[in-house]
Amino acid sequence: MAPGAVPHRRHRRGGPRQRQPRPPDRRVLAPAPGDPRGGGPVFEEVFPHRPLERLTPLATLLPEGAYLGGGTAIALWLGHRLSADLDFFTEAPFDEPAVARALAEQGGSLLETRPGTVHAVWEGIAVSLLAFPYPLVAGLTVWRGIRVASLEDLAAMKVLAISQRAEKKDFFDLVALLDRLGAEAIAEAVRRKFGEAAVNRYHLLRSLLYFEDAEASLTPKSLAGHDWEGVKRRLRSMEPALSRAFLAP
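For any residue, its number in my numbering is found by taking its place in the sequence shown, counting from 1, and adding 2.
Below, the structure is given as structure tokens:
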């Protein structure tokens, strides 16, 4: 599906209510060894599987260039919620049977293998590898031997994910990203990653403020004091800023 190509849905609009962003409660998060260059993901307590040292061999089972994205990567950067799955992406096509064999030989249980996709359980952790043919807009960093996408790339990917399907956890992630990067930086990351011509900015914007499809999904465990109703209020309060950022000429 092309970026922003989402089915038409009825959207509800809430009146803007200004509220100051609430940062993560860093007292409950233990900083981890970050990128030796500095500035890498540090909030290891968001990832519940232990010991973390067992993650290091995982990178050797994946294609060169594969990187961690999705909610766990965002949480490692921002420390705003718990997240237990590892979603990897690669810009280039990869050999799905070879990846499946490598995971199985190391004790993994395969759930699904199809073109551009491998889903498995490895060491009790849900692991996915997905072909994602869009360039990185910023450099990768390293956590426990695993390459991790930048916040700019993660923000652009999160906007696309919300436009294609919506769960509560995605909106929790969006609030954390907006609080860190701001609406303009996220909109610019979307344009750089997917290209101006490929993005339907109106569909993307409407999806960021449409919550009905997410109501039945699970509520993530917030480490920033957020609840679902508060997340919706926060995003509705940012509608003017989001509109300016995403619809700017």
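We treat Cβ as the ideally placed atom computed from N, Cα and C, and that holds for glycine.
*Tell me whether R116 is buried or exposed, calling it buried when 16 or more other Cβ atoms sit within 10 Å of its Cβ.*
With fewer than 16 other CB atoms across the displayed protein chains lying within 10 angstroms of its CB, R116 is exposed.
*Beta-carbon gap between D172 and A163 smaller than 8 Å*: yes
*Does any CB atom of chain B fall closer than 8 Å to the CB of G72?*
In the structure shown, chain B cannot be found, because there is only a single protein chain.
_By DSSP's criteria, L131 is part of a beta bridge. Which residues make up the other side?_
F90, V120
_Which of the three DSSP states is assigned to T74 in this structure?_
helix
*When DSSP labels each residue in this structure, what does Y69 get in the three-state scheme?*
DSSP places Y69 in strand when its eight states are reduced to three.
*Could you give the DSSP three-state label for E125: helix, strand or coil?*
Under the three-state reduction of DSSP, E125 is assigned to coil, being neither helix nor strand.
_Can you list, in chain order, the residues of its chain with a C-beta nearer than 7 Å to that of R193? Leave out the 5 residues immediately preceding and following it._
So the qualifying residues of the chain are V201.
*Around the Cβ of A68, are there at least 16 other Cβ atoms within 10 angstroms (buried) or fewer (exposed)?*
buried
*Out of M159, V150, A226, V233, point me to the one whose CA is closest to A216's CA.*
V233
_Alpha carbon of G71 to alpha carbon of V150, nearest angstrom_ = 7 Å
_Beta carbon of A104 nearer than 8 Å to that of L60_ = no
*Consult DSSP for E114 and reduce its assignment to one of helix, strand or coil.*
strand
*Taking Cβ to Cβ, would you say V101 is nearer than 8 Å to P43?*
no
*The beta strand (DSSP E) spanning R83 covers which residue range?*
For R83, there is no enclosing beta strand (DSSP E), as DSSP marks it with neither H nor E.
*Would you call E46 buried or exposed, if buried means 16 or more other Cβ atoms sit within 10 Å of its Cβ?*
buried
*In the DSSP assignment, find the beta strand (DSSP E) that holds R193 and state where it starts and stops.*
That residue, R193, is in no beta strand (DSSP E); its alpha helix (DSSP H) goes 185-196.
*Neighbourhood of G40 by C-beta distance below 6 Å, restricted to the same chain and skipping five residues each side*: Low confidence applies here, because G40 scores a pLDDT of 43, under 50, leaving its location unreliable; read the following figure in that light. Excluding sequence neighbours, G40 sits near nothing in its chain.
*asked:* Taking only three categories from DSSP, how would you classify F174?
replied: helix
*Using 8 Å as the threshold, is the region 72-89 in touch with the region 220-231, meaning 3 or more CB pairs across them?*
yes
*Where does T143 sit, in a helix, a strand or coil, going by DSSP?*
strand
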